[in-house]
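Asks:
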Amino acid sequence: MKIYINGRFLTQKTTGVQRVAEEIVKEFDEILIDLNLENKVEVIILTPKNIIKNLKLKRIKVQKIGPFTGHLWEQLVLPMYTKGNMLINLCNTGPIYKREQVVMIHDAAVCSSPMGFSKQFVMWYRFVYKRLAKSANKIITVSNFSKQELVSYFPDMVSKIDVIYNGVDHIGKINPNIDILEKHNLRSEEFILAVSSMNPNKNFKIITDAIHGIKDFKGQVVIVGGAASKVFANAEMEFNNDIIWTGYVSDEELVALYKHAKVFVFPSLYEGFGLPPLEAMAVGCPVIASNAACIPEICGDHALYFDPNNAQDLIEKIGLVEQLRNPSSRIESKEFVEKYSWNRATIKLLEHIKVL
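Each step along the sequence shown adds one to the number in the working numbering, with nothing skipped, and position 273 is 445.
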């Protein structure tokens, strides 16, 4: 049996969906060895020529094909090369006319929350999702919330969509680099941390509004994430001496920030899953999270929730954060996130394509 993986994600910086793809592929590589599947299944990641990452896989091969990049490569080169074989797509899109494929679509943001994206981006992905709803053998999404959203916009998905939760156990394999604290003059457990891209849907502005509303605020807010991509509408952010924007950081630096933050704040208006609050919990950082979209489904009873449109509510929850900082709460949160396993997610995916 030959299985191909759409490797376009290896040409992109690592944000949420790319993280999912990387971790599933690495876990798939280990499963091939652990379950002695190497003689039964040949797995090849197909990529354009402009890859920027090396996952250092042991059994899964990486092969560059075709003259194009981006959408042209994905829609023209990829389906021709994979004809008659199964293709796994892990990052929201795939060849729109190929039947033998599984596509992981993480959310319906281009339909439910389009104001955060460019018009061209919205039009393209709505078209792609509509076609994939008809053509793909299987659609996978990452939460029950996302499943309901996708089916409401694309009814053809109803008979072929299933939920596989993401994992978070990659965090435990990363050694923290505490140099990031010295670089930004941060004192342990005296700063508020937020992590995400600068998409307006991530709602970082409410954090600045809340901080400005706290009388005699002592401490700093650290916002980690890249600048807004050209596909996102402009996000209005105000930075002052209380707020540090780091831009992208390494995984090792991010884990250090999680470990040393007083609290992690996740103010997003829309998420299909939301890895960052689980990453924070996994290293013992208290979490204050928006009560929107899938976030309560994913974080359960292990976060303090606030209305993401109400800065005063966030101010009040920041005042209650000591409830989550006691040792027993931190231990309970760490135990809670153990159910989010990349091994479990990958095995479920392989069951869908009848490898296991």
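A virtual CB, placed ideally from N, CA and C, is assigned to each residue, including glycine. Only a predicted model underlies this, so the values are computations on that prediction, with no experimental measurement involved.
If distances are taken between C-alpha atoms only, which option among I203, L207, I177 comes closest to A193?
Replies: Within the sequence shown, the letter at position 21 stands for residue 193. Among I203, L207, I177, the Cα nearest to that of A193 belongs to I177.
Asks: Pairs of beta-carbons, one from the region 431 to 446 and one from the region 299 to 306, closer than 8 Å: are there three or more?
Replies: no
Asks: In this structure, does DSSP put S462 in helix, strand or coil?
Replies: Reading the sequence shown from its first residue, position 290 is the one you call residue 462. S462 falls in the strand class under three-state DSSP.
Asks: Please report the straight-line C-alpha distance between D206 and I343, rounded to a whole angstrom.
Replies: Walking along the sequence shown from the start, residue 206 turns up at place 34. Walking along the sequence shown from the start, residue 343 turns up at place 171. If I take the Cα positions, the gap works out to 22 Å.
Asks: Please report the distance separating the alpha-carbon of D388 from that of A452.
Replies: Taking the sequence shown and counting its residues from 1, one reaches residue 388 at position 216. Taking the sequence shown and counting its residues from 1, one reaches residue 452 at position 280. Taking the straight line from one Cα to the other gives about 27 Å.
Asks: Can you tell me where the alpha helix (DSSP H) with V455 in it begins and where it stops?
Replies: If you number the sequence shown from 1, residue 455 lands on position 283. Counting along the chain, V455 falls outside any alpha helix (DSSP H), and DSSP gives it neither H nor E.
Asks: Could you name the residues of the same chain whose beta carbon sits closer than 7 Å to that of V189, not counting the 5 residues immediately before and after it, in chain order?
Replies: Counting from one through the sequence shown, the residue named residue 189 turns up at place 17. Answer for V189: C263, N264, H278, listed in chain order.
Asks: Measuring only the C-alpha atoms, how far is V294 from A281?
Replies: Within the sequence shown, numbered from 1, the residue matching residue 294 stands at position 122. Within the sequence shown, numbered from 1, the residue matching residue 281 stands at position 109. Distance between the alpha carbons of V294 and A281: 9 Å.
Asks: Which term fits I364, buried or exposed, when burial requires 16 or more other beta carbons within 10 angstroms of its beta carbon?
Replies: The residue given as residue 364 occupies position 192 in the sequence shown. With 16 or more other Cβ atoms within 10 Å, it is buried.
Asks: For L476, report the span of its alpha helix (DSSP H) as first-last.
Replies: In the sequence shown, residue 476 corresponds to position 304, counting from 1. Bounds of any alpha helix (DSSP H) do not take in L476; it lies within the beta strand (DSSP E) bounded by 476 to 478.
Asks: Compute the Euclidean distance between the alpha carbons of R191 and I487, then round it to the nearest angstrom.
Replies: To locate residue 191, count along the sequence shown from 1; it is residue 19. To locate residue 487, count along the sequence shown from 1; it is residue 315. Their Cα atoms are separated by approximately 31 Å.
Asks: Across which residues does DSSP place W417 in a beta bridge pair?
Replies: Taking the first residue of the sequence shown as position 1, residue 417 is located at position 245. Partner(s): I395.
Asks: Cα separation between L496 and K230?
Replies: The residue labelled residue 496 in the question sits at position 324 within the sequence shown. The residue labelled residue 230 in the question sits at position 58 within the sequence shown. For L496 and K230, the distance between alpha carbons rounds to 41 Å.
Asks: Short check: CB of V274 to CB of I525, under 9 Å?
Replies: Along the sequence shown, one-based indexing puts residue 274 at 102. Along the sequence shown, one-based indexing puts residue 525 at 353. Yes, they are a contact pair.
Asks: If contacts are defined as beta-carbon pairs under 8 Å, then A517 and N257 qualify, I think. What distance do you get, rounded to the angstrom?
Replies: Position 345 of the sequence shown, counting from 1, holds the residue named residue 517. Position 85 of the sequence shown, counting from 1, holds the residue named residue 257. Incorrect: roughly 23 Å between the Cβ atoms, too far for contact.
Asks: Would L450 and V367 be called neighbours here (beta carbons separated by less than 9 Å)?
Replies: Translated into the one-based positions of the sequence shown, residue 450 becomes position 278. Translated into the one-based positions of the sequence shown, residue 367 becomes position 195. No, the pair does not count as a contact, with Cβ atoms beyond the cut-off.
Asks: Can you list, in chain order, the residues of its chain with a C-beta nearer than 7 Å to that of G472? Leave out the 5 residues immediately preceding and following it.
Replies: The residue you call residue 472 lines up with position 300 of the sequence shown. Counting only Cβ-Cβ distances below 7 Å, and skipping sequence neighbours, we find F508.
Asks: Select from N515, V213, L447, L426 the residue whose C-alpha is nearest the C-alpha of N347.
Replies: Start at 1 with the first residue of the sequence shown, and residue 347 comes out as number 175. It is L426 whose Cα lies nearest to the Cα of N347.
Asks: Can you tell me whether H474 is buried or exposed? The criterion is at least 16 other CB atoms within 10 Å of its CB, across all chains shown.
Replies: Counting from one through the sequence shown, the residue named residue 474 turns up at place 302. Classification for H474: buried.
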